[in-house]
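J.:
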Amino acid sequence: MANQRAGILGTGHSYPEGILTNADLAKMVETSDEWITTRTGIKQRRKAAPNEYTSMFAIRAVRQAIERARLDPADIELLICATVSPDQILPSTGCIIQAEIGAHNAAAMDVVAACSGFLYGVSLADSMIRTGQVRYAVVVGAEVLTQYVDYTDRQTCVLFGDGAGAAVLGPVDGSRGILASKIKSDGRYEEQLYSPGGGTRRRPTAETLAAGDHFFKMKGNELFKVAVRSMTEISREVLEQGGQKEEDVDLFIPHQANQRITEAVADRLNVDMSKVYSNIAVHGNTSAASIPIALDECVQASRVKPGDLVLMTSFGGGVTWGAVLMRW
Ligand code: UT7
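Counting in this note's numbering, the sequence shown runs from 548 upward without gaps.
1) What's the C-alpha gap between T693 and M765?
2) Is DSSP giving V687 helix, strand or coil here?
3) Relative to ligand 1, is the shortest distance from any of its heavy atoms to the C-beta of T587 smaller than 7 Å?
4) Relative to ligand 3, is the shortest distance from any of its heavy atoms to the C-beta of F862 smaller than 7 Å?
5) I need the boundaries of the alpha helix (DSSP H) containing P839, first residue and last residue.
6) Could you tell me whether any non-hydrogen atom of ligand 1 is closer than 7 Å to the CB of L770?
7) May I ask you to report which of helix, strand or coil DSSP gives R735?
8) Are the Cβ atoms of L798 and C845 separated by less than 8 Å?
9) Check whether the Cβ of H830 lies closer than 7 Å to any heavy atom of ligand 1, and answer yes or no.
10) Once DSSP output is grouped into helix, strand and coil, what is the label at N652?
11) Is the beta carbon of A836 sitting closer than 8 Å to the one on G746?
12) How many Å lie between I676 and Y683 at the Cα?
13) At 4 residues or longer, and completely inside the stretch 572 to 646: list those alpha helix (DSSP H) runs for me, N to C.
14) Using the Cβ count rule (16 or more neighbours within 10 Å means buried), how would you classify Q847?
15) I want to check one thing, is the minimum distance from the CB of A714 to the heavy atoms of ligand 1 below 7 Å?
16) CB of I840 to nearest heavy atom of ligand 1: below 7 Å?
17) Rounding to the nearest angstrom, what Cα-Cα distance links E808 and F762 in this structure?
18) A758 to D814, Cα distance in whole Å?
19) Are Q551 and T568 closer than 8 Å when you measure CB to CB?
20) Below 8 Å between beta carbons: does that hold for Q680 and G767?
21) In three-state DSSP terms, what is N832?
22) Report yes or no: do three or more beta-carbon pairs, one from the stretch 613 to 626 and one from the stretch 648 to 655, lie closer than 8 Å?
23) When you compare the CB positions of G664 and G688, do they come within less than 8 Å of one another, or not?
24) Excluding the 5 residues flanking Q673 on each side, which residues of the same chain have their C-beta closer than 6 Å to its C-beta?
25) Exposed or buried, S579, counting other C-beta atoms within 10 Å across all chains shown (16 or more means buried)?
26) Since A660 contacts T833 with CB under 8 Å, what's their CB separation in whole angstroms?
27) What first and last residue would you give for the alpha helix (DSSP H) that runs through L671?
28) Should W868 be counted as a contact of ligand 1 given a C-beta to heavy atom distance under 7 Å?
29) Among all the DSSP beta bridges, which residues are the ones paired with L798?
30) Going straight from the alpha carbon of H560 to that of D657, what length do you get?
31) May I have the straight-line CA-CA distance separating G864 from R615, to the nearest angstrom?
32) Taking E769 as the reference, which of L856, E738 and G790 has the closest Cα?
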């Protein structure tokens with residue numbers, strides 16, 4: 548049935564047991580709990596053990612989301628895994644998850660859009676559900692980012708953490724569901740956040756590994772400004788597209804990149820901080836997993852109620868950004 552709105556039917560999340568605190572990092576690089584807390588809001592982040600990999604967390608999150616949606620894995624017709632830290636190059640982590648959970652009727656794929664990957668996936672799933680191409684979709688943002696973190700670079704190593712969050716989408720009735728979504732990118736900003744080595748352009752060799760070319764490099768200060776500007780603008784665009792006002796937002800879930808970025812965007816959007824969800828203190832920046840982990844935490848804590856207007860926005864390497872506005 549074409550043109551029926553898509554909504555979120557179930558959510559789930561999972562993360563490793565390992566915790567890396569600010570005190571742990573202060574033993575590794577020249578930093579302090581005080582600097583990390585005041586500049587980022589982060590107190591700890593989760594870190595996968597060497598024998599833990601991305602699909603492990605994704606599978607747990609996806610299973611939980613499908614169960615809570617009261618569906619069977621065989622009902623899923625589209626499975627999107629948003630990740631920049633896949634299990635391996637081929638096949639996609641989406642296909643690995645598909646096989647493991649038994650979602651044999653799905654088209655599975657990965658979306659590579661860094662921290663915006665989950666909202667990219669939601670936007671694609673929304674379109675396919677609305678046009679009637681698929682009925683049920685699952686989008687999972689999953690990362691073991693710490694694999695690509697240089698623990699001698701104090702600017703990046705304090706930020707990132709591991710985990711996964713998932714959402715099942717399907718057609719909904721009435722006023723519920725996704726009112727508007729928008730995704731954008733600008734590849735001219737590639738070098739603001741990137742990992743140059745390991746692909747076909749800068750092939751993995753003993754030299755590139757020794758030089759740390761596979762690690763994330765970031766121009767944090769410049770990225771900060773672009774992040775605030777992009778997330779504010781695209782949030783305004785989806786609010787307008789969805790015919791809603793900034794003051795009507797009940798729950799704002801921004802990508803958890805930096806508490807100061809969150810506060811700057813909320814301030815520009817005139818969204819009171821009481822309506823903003825933040826878990827950066829305990830998770831750090833988990834890239835594509837950040838919004839779905841936050842969303843599931845909100846659902847489990849009854850922080851979101853039927854009829855609430857929920858605004859989600861993200862920004863990440865690429866650079867990529869996006870926003871989704873929905874009526875819960
Ligand atoms: O998720 C994808 C999107 N990611 C982002 O949008 C990240 C955006 N950027 C940021 O969150 C912030 O720029 C950072 C947290 C990365 C850095 O914070 P900042 O307030 O922009 O600091 P800064 O880069 O301007 O550096 C200020 C000072 C510098 O020292 P000097 O040159 O003033 O002496 C840095 O070397 O802080 C120093 N510094 C640190 N000091 C202690 C940088 N990292 C650290 C550290 N501990 N971990």
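Note that beta-carbon positions come from the ideal geometry of N, C-alpha and C, so glycine has one too.
T.: Taking the definition as stated:
1) When rounded, the distance between both Cα atoms is 14 Å.
2) Three-state DSSP puts V687 in a strand.
3) Result yes, Cβ under 7 Å from ligand 1.
4) Inclusion of ligand 3 in the displayed structure is not the case, the ligand content consisting of ligand 1 alone.
5) Unbroken alpha helix (DSSP H) run through P839: S837 to Q847.
6) Ligand 1 approaches L770 closely enough that one of its heavy atoms is under 7 Å from the residue's Cβ.
7) Helix.
8) Between L798 and C845, the gap from beta carbon to beta carbon is short of 8 Å.
9) Every heavy atom of ligand 1 is 7 Å or more from the Cβ of H830, so no.
10) Coil at N652, not helix or strand.
11) The answer is no: Cβ separation not under 8 Å.
12) Taking the straight line joining both Cα atoms gives about 7 Å.
13) As far as the stretch 572 to 646 is concerned, its whole alpha helix (DSSP H) runs of at least 4 residues are 580 to 587 and 601 to 615.
14) Q847 should be labelled exposed.
15) Flag unset: Cβ of A714 not near ligand 1.
16) Not so, every heavy atom of ligand 1 lies at least 7 Å from the Cβ.
17) Note that residue 808 corresponds to Ile in the displayed sequence, not to Glu. If I take the Cα positions, the gap works out to 23 Å.
18) Whole-angstrom Cα-Cα distance: 41 Å.
19) In this structure, T568 does not lie closer than 8 Å to Q551 by Cβ.
20) Taking C-beta atoms as the reference points, Q680 and G767 fail to come closer than 8 Å.
21) Three-state DSSP puts N832 in a strand.
22) Between the stretch 613 to 626 and the stretch 648 to 655, the count of C-beta pairs closer than 8 Å reaches three or more; the two stretches touch.
23) Yes. Within cutoff.
24) The displayed chain sequence assigns Asp, not Gln, to residue 673. Within the same chain, and ignoring the five residues on either side of D673 in sequence, the residues whose Cβ sits closer than 6 Å to its Cβ are A553, I725 and S728.
25) If you draw a 10 Å sphere on the C-beta of S579, you find fewer than 16 other C-beta atoms in it, and that means exposed.
26) With a Cβ gap of about 14 Å, A660 and T833 do not count as contacting.
27) Looking at the DSSP string, the run of the alpha helix (DSSP H) that includes L671 is G664 to R677.
28) Checking the Cβ of W868 against ligand 1 gives no.
29) In DSSP, L798 forms a bridge with V857.
30) Put simply, the backbone Cα of H560 is about 18 Å away from that of D657.
31) Near 31 Å, if we compare the C-alpha coordinates of R615 and G864.
32) Of the candidates L856, E738 and G790, the residue whose Cα lies closest to the Cα of E769 is E738.
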